[in-house]
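Participant:
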Amino acid sequence: AQKTLALRNALASNVDIAFVAVLHALVLQVFYRFAKDSCLEITLASNSLSQVQGLAETSWAKEIAERHEAWDRDMPDSDKLWDFLLDLDEASRKALFAHCVSLSLNAVVEPWNRRPGALAHADALAATLGFDMVTAGWEPTVTNYLGRVTKARIVQAVREARGADSAQLIDHMKKDLMAREAARLLEGSTWL
Numbered sequence: 023a024q025k026t027l028a029l030r031n032a033l034a035s036n037v038d039i040a041f042v043a044v045l046h047a048l049v050l051q052v053f054y055r056f057a058k059d060s061c062l063e064i065t066l067a068s069n070s071l072s073q074v075q076g077l078a079e080t081s082w083a084k085e086i087a088e089r090h091e092a093w094d095r096d097m098p099d100s101d102k103l104w105d106f107l108l109d110l111d112e113a114s115r116k117a118l119f120a121h122c123v124s125l126s127l128n129a130v131v132e133p134w135n136r137r138p139g140a141l142a143h144a145d146a147l148a149a150t151l152g153f154d155m156v157t158a159g160w161e162p163t164v165t166n167y168l169g170r171v172t173k174a175r176i177v178q179a180v181r182e183a184r185g186a187d188s189a190q191l192i193d194h195m196k197k198d199l200m201a202r203e204a205a206r207l208l209e210g211s212t213w214l
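Per our numbering, the very first residue in the sequence shown carries number 23; after that it's consecutive.
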């Protein structure tokens, strides 16, 4: 216990090594699934989002996978990871840190899991990054949005993007047809 407390105090006085220590703990969890070689008790949770149909084909998923594979190729055996991280230049360490941290981000809205503070933080983070879903390439489709919301929300989306006349064209339709037609009407609209 005394060694733990003394090491905590020493680590608190060295920001650069504290950063590498956190990076080491995160990299172990991201790239070495069962390695428990860190004395830091930091846990990275990551929702794989694999249950979302079509998500793996998005440009974002592909970029993340490519970045992950590139880092994975460079990773040494887990017992050599600490020295590997110390030998990286600062820009590479920061890039690896950002990659690992990004995998823990969860902005999924789940009706059964109320997390207003977490979702507000995701919005604040997006604003700080200057991130915009439409600019990033998102468009509402039957699969990713329109098939998952109520008919009233579909009509509202079309009204917001294309006006009341367009909304009236679909407001009488059954949901499946309404969602497909709304996707067509919303295409290229930059509606979010």
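Glycine included, every Cβ here is placed at the ideal spot set by N, Cα and C.
1. So, is residue 46 buried or exposed, given that buried needs 16 or more other C-beta atoms within 10 angstroms?
2. On the DSSP letters alone, give me the boundaries of the alpha helix (DSSP H) that residue 138 sits inside.
3. Is the CB-CB distance between residue 212 and residue 156 below 7 Å?
4. Taking 7 Å as the limit between beta carbons, can you name the residues of its chain near residue 166, skipping five residues before and five after?
5. Does the pairing of the region 192 to 206 with the region 163 to 177 give three or more beta-carbon distances under 8 Å?
6. Are there three or more Cβ pairs, one per stretch, closer than 8 Å when the region 138 to 152 is compared with the region 103 to 121?
7. Mind the definition here: the region 131 to 142 touches the region 81 to 94 only if three or more C-beta pairs lie below 8 Å; say whether that holds.
8. Could I get the ranges of all uninterrupted alpha helix (DSSP H) runs contained in the region 96 to 134, with 4 residues as the minimum, in chain order?
9. Please tell me whether residue 187 and residue 177 are closer than 7 Å, where the distance is taken between their beta carbons.
10. Tell me whether the beta-carbon of residue 126 lies closer than 7 Å to the beta-carbon of residue 35.
11. Which two residues bound the contiguous alpha helix (DSSP H) that contains residue 187?
12. Thinking residue 33 and residue 23 are a contact (beta carbons under 8 Å), I'd like their distance in whole angstroms, please.
13. Pull up the distance between the alpha-carbon of residue 58 and that of residue 175, whole angstroms please.
14. Are the CB atoms of residue 181 and residue 207 within a distance shorter than 7 Å?
15. Kindly provide the ranges of any alpha helix (DSSP H) runs that are 4 or more residues long and lie completely inside the region 57 to 101, ordered along the chain.
16. In this structure, does DSSP put residue 241 in helix, strand or coil?
17. Could you check the C-alpha separation between residue 191 and residue 179 for me, to the nearest Å?
18. Quick check on residue 37: buried or exposed, where buried means 16 or more other Cβ atoms within 10 Å of its Cβ?
Facilitator: Reading off the structure:
1. buried
2. 138 to 151
3. yes
4. 76
5. Under the 8 Å Cβ criterion, the region 192 to 206 counts as touching the region 163 to 177, having at least three qualifying pairs.
6. no
7. The answer is no - the region 81 to 94 does not touch the region 131 to 142, with fewer than three Cβ pairs under 8 Å.
8. 103 to 109, 112 to 124
9. no
10. no
11. 186 to 192
12. So it is not a contact: roughly 16 Å between Cβ atoms.
13. Here the C-alpha atom of residue 58 lies approximately 47 Å from the C-alpha atom of residue 175.
14. Not a contact, by the Cβ cut-off of 7 Å.
15. 81 to 96
16. This structure cannot speak to residue 241, because the chain is shown only from 23 to 214.
17. 13 Å
18. Exposed, because fewer than 16 other Cβ atoms sit within 10 Å of the Cβ of residue 37.
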